[in-house]
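Student: Every letter in the sequence shown is one number past the one before it in UniProt numbering, and letter 48, counting from 1, is 48.
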Amino acid sequence: MKLLKEAKALLKHNIRDYGMYIALLVIMLIFTILTDGLFMSSRNISNLIDSSGYIAVLAVGVMLVIVIRHIDLSIGFLAGFLGAIAAILLVQFNLPVFLVIPIILILGMLAGSVTGFLVAKVGIPAFVATLAGWLIYRGALLQATERSGTINVNNEAFNAIGNGYIPSISQVGGLHLLSLMIGAAAILYYIYSMIKNRKNKIKYSFDVVSNPLFIIQLVLVSSLIGYVTWILAGYNGFSWTMIIILIVLVVYHFITTKTVLGRHIYAVGSNPEAAHLSGINVSKITFIVFGSMGMLSALSGILFTSRLQSATTTAGTLFELDAIAAAFVGGVSAAGGVGKVTGAVIGAVVMATLVNGMNLLGVGIASQYMIRGGVLALAVIFDVMTRRQRA
1 MKLLKEAKAL
11 LKHNIRDYGM
21 YIALLVIMLI
31 FTILTDGLFM
41 SSRNISNLID
51 SSGYIAVLAV
61 GVMLVIVIRH
71 IDLSIGFLAG
81 FLGAIAAILL
91 VQFNLPVFLV
101 IPIILILGML
111 AGSVTGFLVA
121 KVGIPAFVAT
131 LAGWLIYRGA
141 LLQATERSGT
151 INVNNEAFNA
161 IGNGYIPSIS
171 QVGGLHLLSL
181 MIGAAAILYY
191 IYSMIKNRKN
201 KIKYSFDVVS
211 NPLFIIQLVL
221 VSSLIGYVTW
231 ILAGYNGFSW
241 TMIIILIVLV
251 VYHFITTKTV
261 LGRHIYAVGS
271 NPEAAHLSGI
281 NVSKITFIVF
291 GSMGMLSALS
301 GILFTSRLQS
311 ATTTAGTLFE
321 LDAIAAAFVG
331 GVSAAGGVGK
341 VTGAVIGAVV
351 MATLVNGMNL
361 LGVGIASQYM
371 IRGGVLALAV
381 IFDVMTRRQR
391 A
C-alpha cells in the first residue's frame, strides 16, 4: 500500500514527463487490438520508426526553439530545399556521399544562423523572420526542381540512410545479433546512469524514490527497451534512420542536461530578462539555437530525400507543423522554459503511431487530420492545466 501511494505521488508530480509515455502505450495497445496484432509486427514497427525519423529530428530542434520562446516556420521547406541540393550534388555533380552530407549540414547551419541573426540581432519577431524563410525556401525548392520536377537519386550509399539497416554479425534464433547487442548495451547504460544519478542525489541530500520503486522503474524501462529491440531484431534489425535518431537524442540530451549551454537555454526560456541580468548572453543563445535548428533541418532533408530516393517539388510540405505538433505532444510548454529532448522524440513517435495505426485501419485522410488536430489540442490543454495546478 505504501509503495502504491508513493507511485501515485510520483506520477502526479511528474505527470508532464510520464503522461506522454502512458499515452503512447495506450495508443499502441488500442491499435494492436484493433488490427489483431498487425500493428506490433516487426515489419510495421520498423517502418513506423523509419517514417517518423525526419520529423523526430526536426522536433528536437524546434523543441529548443520553443523553449526559448520563439518559433520557426521555415524548417519544413528548408529541409526540402537542402534535400534537393543534396540530390543535385549527388546526381549532377557526382560528389561522394561523405562530402555531400557535411556540405548540406553546414548549409543548414548557415541558414539557421541567418534566421538567428535576424531574430537575435536585428530584432525581427521569429514568426515574421521564419515566415519569410518559409517563402524563400519554398521558392528555392521549386527553382531547384523546376527542370525535371523530381530528381531521382540512384546512389546506394545515400539511399541506405533512409532505407538501409545496420549489418548483421550473425543470426541468433532468427534475430539480428548486432541489434541485440546494441539493445543490451542501451539497457546496461540506462541502469548505470540511473544508479549513478541516484547516488549523486543521495550524496547532496536530494529526495529520491524508495529502493523498491526504483527497482520497478529500472525493470519496466529495461523491459521496454528489450522488447522494442527484440521486435526490431526479428525483422532486419536497427535501421540507419533509427541509429541517427538515437545519436541526435543522446547528443542533444547531453547538451541540454549536462552542459552550461543547456542550462543557459532553459534559463533564457524561463525568464529572458532575469537571464540577461544574471550575465547570460541571450542573443548568443538565440543565435546558437536557431543555428542548431538549421542543421537539424538539413539532417531531416537528408533523411527524407534518402527515404524517397528522390527530391520532389512538394518535399517539406507541412513538416514544420508536424514537428511543432510532436514537440507539444512531447511536453514542451508554450510558455517557454520547459521541454525535453526525449519528449520531443516520443511526441514524434506518438504522431507517427497515430498515422500508421489509422492507415492500417483504413481511416480516411480527412478524419486523420481531425484526429491529429484533436490530439495536439489535448496536449496543449494538458500543458495549460498542469501549469495552472503548479501555480
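Virtual Cβ for every residue (Gly too), placed ideally from N, Cα, C.
#1: Quick one: grab the DSSP three-state call for residue 197.
#2: Using 9 Å as the threshold, is the C-beta distance between residue 328 and residue 300 below it?
#3: Use the C-beta contact count for residue 356: other C-beta atoms within 10 angstroms, 16 or more gives buried, fewer gives exposed.
#4: Leaving aside the five residues before and after residue 339 along the sequence, list all residues of the same chain whose C-beta is less than 6 Å from its C-beta, in chain order.
#5: Taking the runs of the beta strand (DSSP E) that are 3 residues or longer, which of them lie wholly in the region 150-174?
#6: Pairs of beta-carbons, one from the region 103-112 and one from the region 43-55, closer than 8 Å: are there three or more?
#7: Since residue 151 and residue 88 are thought to touch, with beta carbons under 8 Å apart, how far apart are those beta carbons, to the nearest angstrom?
#8: From residue 153 to residue 308, what does the alpha carbon distance come to, in whole angstroms?
#9: Let's test the definition: count the other Cβ atoms within 10 Å of the Cβ of residue 207 and tell me whether it reaches 16, buried, or not, exposed.
#10: What does a CB cutoff of less than 8 Å around residue 172 pick up in its chain, not counting 5 residues either side in sequence?
#11: Do residue 351 and residue 61 have their CB atoms nearer than 9 Å?
#12: What is the rounded straight-line gap between the Cα of residue 381 and the Cα of residue 326?
#13: List the whole-angstrom C-beta distance separating residue 267 from residue 255, where the pair is believed to meet the contact cut-off of C-beta under 8 Å.
#14: For the beta strand (DSSP E) containing residue 311, name the first residue and the last one.
#15: Exposed or buried, what is residue 36 when buried is set at 16 or more other beta-carbons lying within 10 Å of its beta-carbon?
#16: Just tell me which of 354, 345 and 272 has its CA closest to the CA of residue 253.
#17: Tell me whether residue 74 sits in a helix, a strand or coil according to DSSP, three-state version.
#18: Could you please give the first and the last residue of the uninterrupted alpha helix (DSSP H) stretch that includes residue 121?
#19: To which residues of the same chain is residue 125 closer than 8 Å at the C-beta, ignoring the five residues directly before and after it?
#20: For residue 253, which residues does DSSP report across the bridge?
#21: Kindly indicate the opening and closing residues of the alpha helix (DSSP H) around residue 272.
#22: Does the Cβ-Cβ distance between residue 305 and residue 162 come in under 9 Å?
#23: Roughly how far, in whole angstroms, is the beta-carbon of residue 245 from the beta-carbon of residue 166, given that I think they are within contact range, below 8 Å?
#24: In terms of alpha-carbon separation, which member of 75, 98, 159 and 371 lies closest to residue 129?
#25: If I follow the unbroken alpha helix (DSSP H) through residue 143, where does it start and stop?
#26: Determine the contact status of residue 446 and residue 261, defining contact as a CB-CB distance below 9 Å.
#27: What residues in its chain sit with their C-beta under 8 Å from that of residue 100, if we drop five residues either side in the sequence?
#28: Could you tell me which whole beta strand (DSSP E) segments of length 3 or greater appear in the region 276-330?
#29: Would you call the region 370-378 in contact with the region 271-289, where contact means no fewer than 3 C-beta pairs closer than 8 Å?
Tutor: A quick look at the data gives this:
#1: helix
#2: no
#3: buried
#4: 63, 67 and 332
#5: 150-152
#6: no
#7: 7 Å
#8: 9 Å
#9: exposed
#10: 180
#11: no
#12: 15 Å
#13: Going by Cβ atoms, the distance from residue 267 to residue 255 rounds to 14 Å, so no, they are not a contact pair.
#14: 310-312
#15: exposed
#16: 345
#17: coil
#18: Where residue 121 is concerned, there is no enclosing alpha helix (DSSP H), given that its DSSP letter is neither H nor E.
#19: 119
#20: For residue 253, which the question treats as bridged, DSSP gives no partner whatsoever.
#21: 272-277
#22: yes
#23: Their Cβ separation, rounded to whole angstroms, is 13 Å, which puts residue 245 and residue 166 out of contact at 8 Å.
#24: 75
#25: 126-144
#26: Outside the shown range of the chain, which is 1 to 391, sits residue 446, and nothing can be said about it.
#27: 86, 89, 90 and 158
#28: 310-312
#29: no
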